[in-house]
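Have a look at the structure below, then the notes.
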Amino acid sequence: MRKKVIAGNWKMNKTPSETAAFITELSDKVKQTKDIVICAVPFVCIPAALKASKRTKIKIAAQNMHYEDKGAFTGEVSAKMLVDLGVQYVIIGHSERRQYYNETDATVNRKVLKAIKAGLKPIICVGESLEQRETGVTADFVRYQVGYALNGVSSEDMKNIVIAYEPIWAIGTGKTATNEQANEVCRTIRQALNEKYGRKVANATYIQYGGSVNVKNAAELFSMSDIDGGLVGGASLKSDDFCKIVNYKG
Ligand code: 13P
Numbered sequence: 084m085r086k087k088v089i090a091g092n093w094k095m096n097k098t099p100s101e102t103a104a105f106i107t108e109l110s111d112k113v114k115q116t117k118d119i120v121i122c123a124v125p126f127v128c129i130p131a132a133l134k135a136s137k138r139t140k141i142k143i144a145a146q147n148m149h150y151e152d153k154g155a156f157t158g159e160v161s162a163k164m165l166v167d168l169g170v171q172y173v174i175i176g177h178s179e180r181r182q183y184y185n186e187t188d189a190t191v192n193r194k195v196l197k198a199i200k201a202g203l204k205p206i207i208c209v210g211e212s213l214e215q216r217e218t219g220v221t222a223d224f225v226r227y228q229v230g231y232a233l234n235g236v237s238s239e240d241m242k243n244i245v246i247a248y249e250p251i252w253a254i255g256t257g258k259t260a261t262n263e264q265a266n267e268v269c270r271t272i273r274q275a276l277n278e279k280y281g282r283k284v285a286n287a288t289y290i291q292y293g294g295s296v297n298v299k300n301a302a303e304l305f306s307m308s309d310i311d312g313g314l315v316g317g318a319s320l321k322s323d324d325f326c327k328i329v330n331y332k333g
């Protein structure tokens, strides 16, 4: 049985001084969970988040990284810098980065390979647009994205990979994919992993759903056969809501 991986993506919200209190409050409320709880915080909040999450259930993720080790890339942060701080996870290829910062499947793949090499666990985001869903190409498109992102990733490395299926039309819109829609694409991703790596790896890989996950819909979504938790945006910013989502079993 796979655990659930429940990650809050804060996006560009909360300041470093708001971070410690939030993580401390949250950690108290999620003490009992057997699942994996992650907060993906802005770069500048990472030191405070790591300090406050020490000896708690909460793991800290970055929301992005660069694919080069170092150099003249003003404003960027490398995998090595994150590892040096003590970060364990990194979100790669979020649709907002693909949309606003020219992230492509090729750069996503380079970042994934670099993250693994540095010892970070990538949370790789994939997902179709509304137009793609309406055209009926969702399965093909998501398979393509997953295949591209994992180009050069070994079976052995797969134990450190999380995949987040986030349909773009469901992000921040209040429009959640139905349980069946979300599960179907997560199952398609698992099938693609099965073809590439075999059943054992496919069955062991965590595949999250993200897109308007909230207190009301989390339990149903997380009970689906191929959904192993969620990547939660807006609802992860309130500790009461996020802890209810983490404790979805009630
Ligand atoms: P919302 O939960 O706000 O829709 O955001 C989802 C998301 O993008 C998580 O990465």
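Taking the working numbering, I'd label the letters of the sequence shown as residues 84 to 333.
C-beta: ideal position from N, C-alpha, C; glycine also.
All values reported here derive from a predicted model rather than from experimental measurement.
(1) Along the alpha helix (DSSP H) that carries residue 171, what are the first and last residues, could you check?
(2) Would you say residue 205 reaches chain B, if we count a Cβ-Cβ gap shorter than 8 Å as a contact?
(3) Around the Cβ of residue 198, are there at least 16 other Cβ atoms within 10 angstroms (buried) or fewer (exposed)?
(4) In the structure shown, what three-state DSSP assignment does residue 260 receive?
(5) So is residue 105 buried or exposed if we call it buried at 16+ other beta carbons inside 10 Å?
(6) On a Cα-Cα basis, can you pick out the residue from 178, 213 and 123 that is closest to residue 170?
(7) With a threshold of 16 other CB atoms inside 10 Å of the CB of residue 182, please say whether the residue is buried or exposed.
(8) Taking all protein chains shown into account, decide if residue 213 is buried (16 or more other Cβ within 10 angstroms of its Cβ) or exposed.
(9) If you drop the 5 nearest sequence neighbours on each side, which residues of the same chain put their C-beta closer than 6 Å to that of residue 112?
(10) If residue 328 and residue 309 are in contact, beta carbons under 8 Å, what's the gap, nearest whole angstrom?
Once the coordinates are examined:
(1) Unbroken run through residue 171: none, as it is neither H nor E.
(2) The displayed structure is made up of one protein chain only, and chain B is not part of it.
(3) buried
(4) coil
(5) buried
(6) 123
(7) exposed
(8) exposed
(9) 326
(10) Wrong, their Cβ atoms sit about 19 Å apart, outside the cutoff.
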